[in-house]
Amino acid sequence: MKDITSGVSTSIAAREKTPIVLFELELTGVTLRYAATISNISFGGYTWTAKAVQVDNVEQSPENTVSRITVKFDNIARDMLAYANTYTFENKILRIKRIYLSGTTPPTSADDYIEVFRGTMEQPKDITMRWFSITAVTGKGLRRKIPTKKYERQCNHAFGDTDCNTNGFSGLTTLHADATAQSGATNFLVDAVTLSQTTDYWKYGRVQILYSSVTYTRYVDSFDGASSAVHFDVALSFAVDNTCSYLIEKGCGNTWDDCKATNAWGPSSDNKKNFGGFLHIGTGKYD
Numbered sequence: 114m115k116d117i118t119s120g121v122s123t124s125i126a127a128r129e130k131t132p133i134v135l136f137e138l139e140l141t142g143v144t145l146r147y148a149a150t151i152s153n154i155s156f157g158g159y160t161w162t163a164k165a166v167q168v169d170n171v172e173q174s175p176e177n178t179v180s181r182i183t184v185k186f187d188n189i190a191r192d193m194l195a196y197a198n199t200y201t202f203e204n205k206i207l208r209i210k211r212i213y214l215s216g217t218t219p220p221t222s223a224d225d226y227i228e229v230f231r232g233t234m235e236q237p238k239d240i241t242m243r244w245f246s247i248t249a250v251t252g253k254g255l256r257r258k259i260p261t262k263k264y265e266r267q268c269n270h271a272f273g274d275t276d277c278n279t280n281g282f283s284g285l286t287t288l289h290a291d292a293t294a295q296s297g298a299t300n301f302l303v304d305a306v307t308l309s310q311t312t313d314y315w316k317y318g319r320v321q322i323l324y325s326s327v328t329y330t331r332y333v334d335s336f337d338g339a340s341s342a343v344h345f346d347v348a349l350s351f352a353v354d355n356t357c358s359y360l361i362e363k364g365c366g367n368t369w370d371d372c373k374a375t376n377a378w379g380p381s382s383d384n385k386k387n388f389g390g391f392l393h394i395g396t397g398k399y400d
């Protein structure tokens, strides 16, 4: 446990004080920072994004130290699902901190917090349209064989060795681009030399960015043909520049109608090979 600094003691003793709980998920290549509050706050040189958070299944020792905890983050914006598709949570660090605001002003020192919990996360055990549930323990996380995806009309249910309504990204010998980026930012890359296709051509596809000998995988949120910009579903922890190479592969909208020949962003206007799903399932789109 972290010692209480003089700044924390002063904040606790103040007449006007508001305790705020912070959640720090340290994944490979990115750290997610959330605050259980109604608006974003700045603390310790970082922005902590406001999140609806539920904490339950807390196990404590006789000394009142937390040994196991389950945290549920809201997934309304589908952001947690995007992170789950991109990153590994298992055996990564979860830290829970408490700070005290004086009015609406957070502490000035990054050390002025109380560490409520620090442990390793297990595999996400429940991902719905509303919540993303993760359990963490002070020791090593358990490997649990439980389903993380639910059967829905927008189907993530695995059946017959294939995920329904998902892109296959296999055998796309002529349906990909492999080059070096010209420029970009944390959430997009630009390459006017290679990416000269029409708008939405790469939409729903997958892009892999090689940076400092590490490959980062993202899914294409949108493609702007005018600027040759590929926008990612989840931002990177670095800005794309001309030292980054990439591989981008075509996808489709995860429904039969989106993947068949009438759709503009299918390969050669026909991406049925990337639809691995059930024809009788409706679109069920939520966004």
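Reminder that position 225 of the sequence shown reads as 338 in my numbering, one-by-one numbering, no gaps.
Where a beta carbon is used, it is the ideal one built from N, C-alpha and C, also for glycine.
Report the residue from the options whose alpha carbon sits nearest the alpha carbon of residue i.
i	options	result
Asn300	Ser358, Ile151, Val347 and Ser341	Val347
Met193	Asn204, Lys238 and Gly364	Lys238
Ala339	Gln167, Ala148, Thr311 and Arg211	Thr311
Ala149	Val306, Leu288, Thr131 and Asp224	Thr131
Ile182	Gly158, Tyr200 and Glu235	Glu235
Ala163	Phe136, Asp169, Thr144 and Thr178	Phe136
Val306	Asn198, Tyr159, Asn355 and Arg319	Asn355
Phe202	Thr118, Ala298, Ser341 and Phe245	Phe245
Thr144	Lys363, Arg319, Tyr196 and Pro219	Tyr196
Tyr200	Ala342, Gly318, Leu288 and Leu138	Leu138
Ala342	Asn204, Tyr314 and Thr160	Tyr314
Compare the beta carbon distance of residue i and residue j with 8 Å and say whether it is the shorter of the two.
i	j	result
Ile209	Phe230	yes
Val303	Ser296	yes
Asn188	Ile151	no
Tyr332	Leu349	no
Ser335	His344	yes
Val250	Ser180	yes
Thr118	Asp224	yes
Ile212	Pro220	yes
With 16 other CB atoms within 10 Å as the buried threshold, where does residue i fall?
i	result
Ala294	buried
Arg243	exposed
Gly142	exposed
Thr248	buried
Ala190	exposed
Val327	exposed
Val171	exposed
What's the gap between the Cα of residue i and the Cα of residue j?
i	j	result
Ile133	Ser215	11 Å
Ile322	Gln173	42 Å
Thr218	Leu140	28 Å
Ala271	Phe186	Here the model assigns Ala271 a pLDDT of 40, short of 50, so the residue's position is not dependable, and the following value carries that caveat. Taking the straight line joining both Cα atoms gives about 24 Å.
Lys316	Ser222	43 Å
Val320	Asn153	30 Å
Thr178	Val166	20 Å
Tyr324	Ile361	15 Å
Does any C-beta atom of chain D lie closer than 8 Å to the C-beta of residue i?
i	result
His289	Given the protein chain composition of this structure (a single chain), no chain D is represented.
For this session: Tell me the start and end of each unbroken alpha helix (DSSP H) in the region 144 to 219 that is at least 4 residues and wholly inside, in chain order.
Result: Correct list: 192 to 199.
Problem set entry | Unbroken stretches of the beta strand (DSSP E), 3 residues or longer, contained in the region 229 to 258 | Fully enclosed beta strand (DSSP E) runs of 3 or longer: 244 to 250.
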